[in-house]
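In terms of our numbering, the sequence shown opens at residue 3 and continues consecutively. The beta-carbon is built from N, C-alpha and C at its ideal position, and this holds for glycine as well. Predicted, not measured: the structure shown is a model, and the values here were computed from it.
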Amino acid sequence: MRLLTLQIQEPLPGQVLPEMAADHGPEEAARRYRAIVLVTLRQLRGLADSRIRLEVSPADADEAVRFWLLPRLAPQWQADDGVFRSEGWEIDFGGDTDGFEVQARGEILCPNLGARWVHAGLLGMGRTATHVIGPTPDDGIYFEAFATDGPDELPTRILPELPVIRTSGDWDQAMASALGASLKKAWEEEK
């Protein structure tokens, strides 16, 4: 089983995307943040043999984020010991990392990080690679994974660069990309 952890901020006006908030106001920045998060998570639907862990900030916002997010991803969920399951999804909001053969971190503001890139990055983990990095054009990282077992001398696997969305310019570029229609739909859902 693999664990993909994503950090998520409670999407309140004035708490997310400060550069975008300066251009468009805190309400619009929060709406865009929610749309980006929805598209990113929808792109990750169907990760085989994987659990998505959402690390919510602030720590006391887990319930508010669950209340907002889960119904937008799937109409029904089954909860079992803090793990929420629906068709194509297994999500938790924190817990132990024991028992996961591969542990990865992803950038919630990278809607291009889909199940396809995660699968490509994790293919052969522990046998052909023990470390995978997905860089962003601005020298950041949108994805990083480590195999808990495997030889140390294996080379690091580098995924193609993918952009993240933090600014109005990033948003405009994403809206003009192949994901533009999905972002627009998610943005409209967040009115």
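Is residue i buried or exposed, if buried means 16 or more other CB atoms sit within 10 Å of its CB?
{"i": "R36", "result": "buried"}
{"i": "D172", "result": "buried"}
{"i": "T42", "result": "buried"}
{"i": "F69", "result": "exposed"}
{"i": "G27", "result": "exposed"}
{"i": "P113", "result": "buried"}
{"i": "A50", "result": "exposed"}
Short check: CB of residue i to CB of residue j, under 9 Å?
{"i": "R34", "j": "D94", "result": "no"}
{"i": "T8", "j": "E89", "result": "Just to set this straight, residue 8 is Leu in the shown sequence, not Thr. No."}
{"i": "A147", "j": "R118", "result": "no"}
{"i": "G123", "j": "L161", "result": "yes"}
{"i": "I38", "j": "A176", "result": "yes"}
{"i": "M22", "j": "T169", "result": "yes"}
Alpha carbon to alpha carbon, how far is residue j from residue i? Give it in angstroms, no decimals.
{"i": "R159", "j": "H133", "result": "6 Å"}
{"i": "E12", "j": "L164", "result": "24 Å"}
{"i": "V166", "j": "F145", "result": "11 Å"}
{"i": "L154", "j": "D141", "result": "Looking at the sequence provided, one finds Asp at residue 154 rather than Leu. For D154 and D141, the distance between alpha carbons rounds to 24 Å."}
{"i": "V58", "j": "G97", "result": "12 Å"}
{"i": "T138", "j": "D83", "result": "35 Å"}
{"i": "A31", "j": "L181", "result": "18 Å"}
{"i": "L19", "j": "L40", "result": "15 Å"}
Quick one: measure Cβ to Cβ for residue i and residue j, integer angstroms, because I've assumed they're closer than 8 Å.
{"i": "L156", "j": "T130", "result": "7 Å"}
{"i": "L56", "j": "V67", "result": "7 Å"}
{"i": "L46", "j": "V120", "result": "7 Å"}
{"i": "E103", "j": "R4", "result": "7 Å"}
Which residue marks the beginning of the alpha helix (DSSP H) containing residue i, and which one marks its end?
{"i": "A176", "result": "S170 to M177"}
{"i": "E191", "result": "G182 to E191"}
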